[in-house]
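Before any comments, here is the structure.
Residue numbers (this note's numbering), protein chains in the order written: chain R, 1 to 377; chain B, 1 to 377.
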């Protein structure tokens, strides 16, 4: 009996390997087909990312999974993972444009991380692109002349200085910046240039190599009709645009960006000063602690100056950070007086304020955590 | 030309749907095969999770992807996602045991979230399981008599009280707790019971329904030879065990657990007091801010008392929280004096301290963030 089971065991494993090989073949075939779709979309001038098609496709495959008795979540996760790569691949091969012939693009700081992404995107789409780098200012007038759009993609600490120099763009030229704060650069652009102006905040890091499904915040400055083609181009690349007032943007970002970065630096500094054994922590960590730790540690693999720039970008953030600190002191006081009931009450007030979002976040993060556990060796 | 492209477009989409349908069929077949493996593993008394087989299988499929010209990361992600469900499915159908006939299991608090998971696991594996709930103390002596293991799975605030009652276990009975702090419960267990003792800290939340690849911290108390069968059973369920000294465990946990929970509560409280527009924040958020926000919000979908219990579990944590606070004040002072260079220096000191880990964390979190973007609608 045991002998037979052992033989069968070996055979079933071989069968699994065979299925896996067929799986790879099928993914290859799917990619060939989606690449074909990419070419046809370009030809038919259709956008790369079509939310409705994506939703329909997912619904269809979920239904099929249910009918065949397997988990719809499983097949949805798999198909979304495959789609991620098809967007990337489609994006690489297409050269889809809105009206490239007549548009010259100039990117100031086009050799930087985010600037070079836009250089690549415009190039792929057939626009003539010029870059202005640090040493190029003497020639800048010639480069900027006849530009349809000038994009400012320089570090936040020099954004305003650069914008102030841009006083002689032609009147139809669109002036755009991609700084992570919006009110001050927008004001500076409107002061320097009389033509169309918009402020962008691309909500992603330099790790991205296509715009499909990426959020880009758009703050309107002036001359919406003249920036329409540019907005369309972003959408054609697949970006999901979010229109918001510059002041509101900066207020929200002071919390999700400035305070978050600041307290992450504090937490990393604390770990260092406590001289925590990182390897041991990782060994013990549950997926959630691991995730929290990697979200802290990732900051420190990045440019110190970039984060300092963001944190120091606006002294108006200081009172908000102080309010945060005061709240921490208040809760610590509750901890010291051992008033657990009071602490629990505070907790529940926050739960009520989060409302339905809390449940949704729990569900979404559980999916992420399962993924984190998948990759564990 | 355009007409033909449009026709072709419709046809290619149909082809994609066909491939997707075949994909579902293939996943169904693979699950049937892995379920078969599960049965055979039980018959052959092999553990559910075999790291070497998993690594070999992944290497094979990565190689196959490379040869066929598609991304090895893509197929690895897919196969790991499928494997997650196979572990779950295999675990549900197997009833694999170490030596169940002779072992009676008693779980105090077996109706709680984590307690009931262990009840289910032991039941599935054929052990006779008894539960002691709040009202069962009058009968507890009869229930505990002849138990091979008594597991304490009650809320942290009553763990010690419960342990103190367990003075008349038989001398071979293994006493185990699953509290998230380890030094005090272990001390209490060693004082109450003269026989074998171990402390566990399962490093996962109640959302889990199998142990495959889940980390469980083990702190040895007394009588290792008598707890061997129990340790083996955990391994057979697929758990990844991490042996650590109780004191070291508590020290590390004071930072990754107590401080982390505490500052998350503060951050949630801050968001509420600032009355941030959550929907607007989500609309604007990059994957990383979204992830950070859901990691905060998820806490507030959970039991306020549970988190208060952990945070209040040990007054010795207060000095550590105060050191954290002081570090925040120090960095805030640098922010106020606008000494960006000093802040950048601090940042770089932390980067150096993280060393290679920072790069690894960046890479790992980028994978997670890509996943977060996949599910965006």
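Each residue gets a CB set at the ideal place from its N, CA and C atoms; glycine is no exception.
Can you list, in chain order, the residues of its chain whose CB lies under 6 Å from that of residue 128 (chain R), leaving out five sequence neighbours each side? 104
CB contact below 8 Å: residue 289 (chain R) versus chain D: The structure shown contains no chain D; its protein chains are R and B.
If we count the other Cβ atoms within 10 Å of its Cβ and call it buried at 16 or more, is residue 196 (chain R) buried or exposed? buried
So which residues of chain R does residue 33 (chain B) contact, with C-beta pairs closer than 8 Å? 12, 15, 16, 19
Please compile the residues from chain R whose C-beta is within a distance smaller than 9 Å of the C-beta of residue 237 (chain B). None at all; the shortest Cβ gap to chain R is about 15 Å.
Have a look at R:141, R:347, R:234, R:156 and flag the residue whose alpha-carbon is nearest the alpha-carbon of residue 113 (chain R). R:156
Return no unless some Cβ of chain B is closer than 8 Å to the Cβ of residue 118 (chain R). no
I need the DSSP call for residue 243 (chain R), collapsed to helix, strand or coil. strand
Below 7 Å CB to CB, which residues in the same chain sit around residue 267 (chain B) once its five sequence neighbours on both sides are set aside? 296
Helix or strand or just coil, what does DSSP make of residue 281 (chain R)? helix
Limits of the unbroken beta strand (DSSP E) element including residue 151 (chain R): 149-152
For a cutoff of 8 Å on Cβ pairs, would you count residue 49 (chain R) as touching chain B? no
How far does the beta strand (DSSP E) with residue 335 (chain R) in it extend, from its first residue to its last? Taken as a continuous stretch (DSSP letters only), residue 335 (chain R) belongs to no beta strand (DSSP E), being part of the alpha helix (DSSP H) at 317-336.
Just to make sure I have the definition right: I need the residues of chain R whose C-beta is within less than 7 Å of the C-beta of residue 77 (chain B). Which are they? 81
Cα separation between residue 255 (chain B) and residue 271 (chain R)? 8 Å
Taking Cβ positions only, does residue 313 (chain B) come closer than 8 Å to chain R? no
Which residues, in chain order, does the stretch 357-373 of chain B contribute to contact with chain R at a C-beta distance below 9 Å? 357, 358, 359, 360, 361, 362, 363, 364, 365, 366, 367, 368, 369, 370, 371, 372, 373
Hey, how far is the Cα of residue 9 (chain B) from the Cα of residue 312 (chain R)? 51 Å
With DSSP as the reference, label residue 1 (chain B) as helix, strand or coil. Residue confidence is low: residue 1 (chain B) scores 49 on pLDDT, short of 50, so the model does not pin down where it sits. Its coordinate-derived value is still stated next. Reduced to three states, the DSSP call for residue 1 (chain B) is coil.
Would you mind sorting residue 20 (chain R) into buried or exposed? The rule is 16 or more other CB atoms within 10 Å of its CB. buried
Look at residue 198 (chain R) and residue 180 (chain R) and say whether their C-beta atoms are less than 8 Å apart. no
Close beta carbons around residue 183 (chain R), own chain, < 7 Å, minus the five adjacent residues each side: 246, 247, 250
Minimum Cβ-Cβ distance from residue 52 (chain B) to chain R less than 8 Å: no
Neighbour-count burial assignment, residue 11 (chain B), 16 or more Cβ in a 10 Å radius: exposed
Bounding residues of the beta strand (DSSP E) (the contiguous stretch that carries residue 261 (chain R)): That residue, residue 261 (chain R), is in no beta strand (DSSP E); its alpha helix (DSSP H) goes 260-274.
With burial defined as no fewer than 16 other Cβ atoms inside 10 Å of the residue's Cβ, what is the status of residue 1 (chain B): buried or exposed? The predicted position of residue 1 (chain B) is uncertain, since its pLDDT is 49 and thus under 50; a value taken from the coordinates is nonetheless stated next. The residue is exposed, with fewer than 16 neighbouring Cβ atoms inside 10 Å.
Using a cut-off of 9 Å between C-beta atoms, extract the partners of residue 61 (chain B) located in chain R. 17, 20, 21, 23, 24
For residue 202 (chain R), is the classification buried or exposed, using 16 other Cβ atoms within 10 angstroms of its Cβ as the cut-off for buried? buried
Of all the residues that make up the stretch 210-232 of chain B, which are near chain R by a beta-carbon distance shorter than 7 Å? 213, 215, 217
So is residue 337 (chain B) in contact with chain R if we call contact Cβ pairs under 8 Å? no
So residue 28 (chain B) and residue 70 (chain R) are in contact, right, with Cβ under 8 Å, and what is the actual spacing, rounded? 5 Å
Distance, Cα to Cα, residue 140 (chain B) vs residue 231 (chain B)? 25 Å
Is it buried or exposed, residue 455 (chain B), if we count other Cβ atoms within 10 angstroms and call 16 or more buried? Residue numbering for chain B in the displayed model covers 1 to 377; residue 455 (chain B) lies beyond these limits and cannot be assessed.
Going by the CB atoms, is the gap between residue 343 (chain B) and residue 301 (chain R) shorter than 8 Å? no
In chain B, which residues lie less than 8 Å from residue 328 (chain R) when you measure between Cβ atoms? 263, 266, 325, 328
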